[in-house]
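Step one of this worksheet: look at the structure below.
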Amino acid sequence: MFLFWRIFLLNAAVLVTATGVLTLGPVTVSTPVLLTEALVVTGGLGAMLVIDAVLLRVGLAPLDRLAHAMTTTDLLKPHPRPAVSGRGHIPELIRAFNRMLDRLEAERGLSAARALSAQEAERSRIARELHDEVGQTLTAVLLDLKRVADQAPEDVRAELRQVQETTRAGLDEIRRIARRLRPGVLEELGLTSALKALTAEMSAHDGPTARSRFDQDLPALGEEKELVVYRVAQECLTNTARHARATHAELSLRRTGAGVELLVRDNGRGLRGAEEGAGITGMRERALLIGADLEIGPAEGGGTVVRLGVPVGAP
1 MFLFWRIFLL NAAVLVTATG VLTLGPVTVS TPVLLTEALV VTGGLGAMLV IDAVLLRVGL
61 APLDRLAHAM TTTDLLKPHP RPAVSGRGHI PELIRAFNRM LDRLEAERGL SAARALSAQE
121 AERSRIAREL HDEVGQTLTA VLLDLKRVAD QAPEDVRAEL RQVQETTRAG LDEIRRIARR
181 LRPGVLEELG LTSALKALTA EMSAHDGPTA RSRFDQDLPA LGEEKELVVY RVAQECLTNT
241 ARHARATHAE LSLRRTGAGV ELLVRDNGRG LRGAEEGAGI TGMRERALLI GADLEIGPAE
301 GGGTVVRLGV PVGAP
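Quick note on numbering: full-length UniProt numbering labels position 2 of the sequence shown as 2, and the sequence is numbered without any gaps.
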């Protein structure tokens with residue numbers, strides 16, 4: 001039954017019932033209307049309005065829940081689907097909305113997977129070019145500077161040594177950037193070693209003091225999930241170093257009943273109601289790709305805590 005006819009028949013039933021009560025009941029209306037008669041008619045009208053409002057509220061409650069779901073649904077933060085309830089076309093409308101959400105999430109996941117795959121490929125290409133081309137060029141410059149410095153006069157040699165140190169520092173920085181773009185340690189030594197290298201690198205470059213803890217019996221996650229865990233941890237530590245004004249950060253990876261949980265906590269200034277930027281959006285997209293749960297919120301005692309729950313099994 002269409003919604004129009006449902007509302008019309010509900011109102012008609014209330015009016016017919018009220019008409020029958022006034023027609024067959026002992027109450028009559030005279031001219032002019034007496035006070036008692038006016039009170040009876042007013043009370044009857046109020047009762048009709050109350051009954052009509054209650055029936056409409058009950059009948060349209062599923063639509064109110066559906067409208068709330070439409071305004072609050074975020075494809076990056078999956079929530080339970082609206083419960084299918086009601087009569088007539090309302091359940092089919094809710095089912096259609098749920099099917100639309102499923103389709104949108106699948107399409108967004110597919111497009112995000114393609115974009116992230118292209119991003120990883122581009123990162124690997126840039127890392128190779130930095131290492132193979134720029135790195136080799138700077139290495140050749142260092143060798144030339146050493147040769148020139150050995151043959152230069154004493155008063156020029158000190159300046160050339162300084163240029164050598166500056167060039168060597170630039171070469172180290174390029175190698176560090178290349179490692180961040182393409183985590184070779186993740187491919188060669190595994191996730192735990194890669195996360196340890198992340199925290200060590202953060203502490204070594206004048207960042208907050210970082211500490212890491214890992215369970216001993218961590219299950220194998222697979223290449224895709226390990227890359228997501230690594231990128232999320234990398235983004236968290238980068239945000240901590242750049243924006244949090246923290247003095248300490250802690251990273252842990254522990255086993256849970258459903259899989260593993262990555263926890264990154266700092267003692268910085270916290271989120272303070274700031275809108276989520278591209279970095280957090282990227283973390284949410286990566287988490288969706290592998291069916292992981294990502295939670296970002298304030299930490300106890302101040303700061304920010306990020307939890308990534310990764311299930312074991314097929315994404």
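Backbone N, C-alpha and C fix where the C-beta goes; we use that ideal spot for every residue, glycine too. These numbers come from a predicted model, not from an experiment.
The ligand FMN heavy atom lying under 7 Å from the CB of residue i
{"i": "V40", "result": "Summarising the ligand content, the structure contains no ligands, and the ligand FMN is consequently not present."}
Rounded distance between the beta-carbons of residue j and residue i, thought under 8 Å
{"i": "E285", "j": "L116", "result": "7 Å"}
{"i": "P208", "j": "H248", "result": "6 Å"}
{"i": "S203", "j": "A210", "result": "5 Å"}
{"i": "L253", "j": "V260", "result": "6 Å"}
{"i": "A149", "j": "L160", "result": "4 Å"}
Nearest-angstrom Cα separation, counted from residue j out to residue i
{"i": "L45", "j": "E295", "result": "53 Å"}
{"i": "L171", "j": "L138", "result": "6 Å"}
{"i": "A47", "j": "V40", "result": "10 Å"}
{"i": "L143", "j": "E129", "result": "20 Å"}
{"i": "V232", "j": "K225", "result": "11 Å"}
{"i": "L24", "j": "L93", "result": "42 Å"}
{"i": "N11", "j": "D102", "result": "37 Å"}
{"i": "R108", "j": "L288", "result": "10 Å"}
{"i": "L104", "j": "S85", "result": "22 Å"}
{"i": "G279", "j": "I174", "result": "22 Å"}
{"i": "E133", "j": "I126", "result": "10 Å"}
{"i": "T238", "j": "V156", "result": "40 Å"}
{"i": "A158", "j": "A112", "result": "53 Å"}
{"i": "E165", "j": "K146", "result": "11 Å"}
{"i": "L262", "j": "A69", "result": "30 Å"}
{"i": "L63", "j": "H89", "result": "11 Å"}
{"i": "A118", "j": "L218", "result": "29 Å"}
{"i": "E275", "j": "T281", "result": "10 Å"}
{"i": "N267", "j": "A194", "result": "23 Å"}
{"i": "T304", "j": "F214", "result": "20 Å"}
{"i": "T71", "j": "G277", "result": "21 Å"}
{"i": "V21", "j": "A38", "result": "16 Å"}
{"i": "L189", "j": "P153", "result": "47 Å"}
{"i": "G43", "j": "T36", "result": "10 Å"}
{"i": "T73", "j": "A67", "result": "10 Å"}
Which of helix, strand or coil DSSP assigns to residue i
{"i": "V312", "result": "coil"}
{"i": "H131", "result": "helix"}
{"i": "A249", "result": "strand"}
{"i": "R307", "result": "strand"}
{"i": "G268", "result": "coil"}
{"i": "G25", "result": "coil"}
{"i": "A118", "result": "helix"}
{"i": "A152", "result": "coil"}
Candidates the options, of which the one nearest residue i by Cα
{"i": "V264", "options": "V229, R272 and I290", "result": "V229"}
{"i": "L15", "options": "G25, L34, T42 and D52", "result": "D52"}
{"i": "F8", "options": "L56, T36, V21 and L34", "result": "L56"}
{"i": "R65", "options": "E173, F97 and L49", "result": "F97"}
{"i": "M100", "options": "R81, I90, A112 and S85", "result": "R81"}
{"i": "E300", "options": "A158, A241 and R269", "result": "R269"}
{"i": "A61", "options": "T199, A38, P91 and V50", "result": "P91"}
{"i": "T17", "options": "L35, E37 and L49", "result": "L49"}
{"i": "A169", "options": "T192, V141, I290 and L186", "result": "V141"}
{"i": "L308", "options": "C236, R242, A244 and N267", "result": "C236"}
{"i": "G59", "options": "T240, A83, R6 and L221", "result": "R6"}
{"i": "V312", "options": "L221, R272, G277 and L227", "result": "L221"}
{"i": "A292", "options": "L271, L227, E187 and H243", "result": "L227"}
{"i": "V310", "options": "T256, R95 and T42", "result": "T256"}
{"i": "R180", "options": "H243, L35, R272 and E122", "result": "E122"}
{"i": "A246", "options": "G302, T36, M283 and V163", "result": "G302"}
{"i": "A241", "options": "A200, A258 and Q216", "result": "A200"}
{"i": "M283", "options": "G135, S124 and V306", "result": "V306"}
{"i": "R272", "options": "L110, E120 and H243", "result": "H243"}
Short CB-CB distance (under 8 Å) between residue i and chain D
{"i": "M202", "result": "Among the protein chains of the structure shown there is no chain D, as only one such chain exists."}
Original post:
Curious, which full-length beta strand (DSSP E) runs of at least 3 residues does the region 33 to 98 contain?
Top reply: none
Subject >> Whole runs of the beta strand (DSSP E) within the region 273 to 302, excluding any shorter than 3 residues >> reply: 293 to 298
Subject >> Continuous beta strand (DSSP E) assignments of at least 3 residues falling wholly in the region 182 to 265 >> reply: 209 to 214 and 248 to 255
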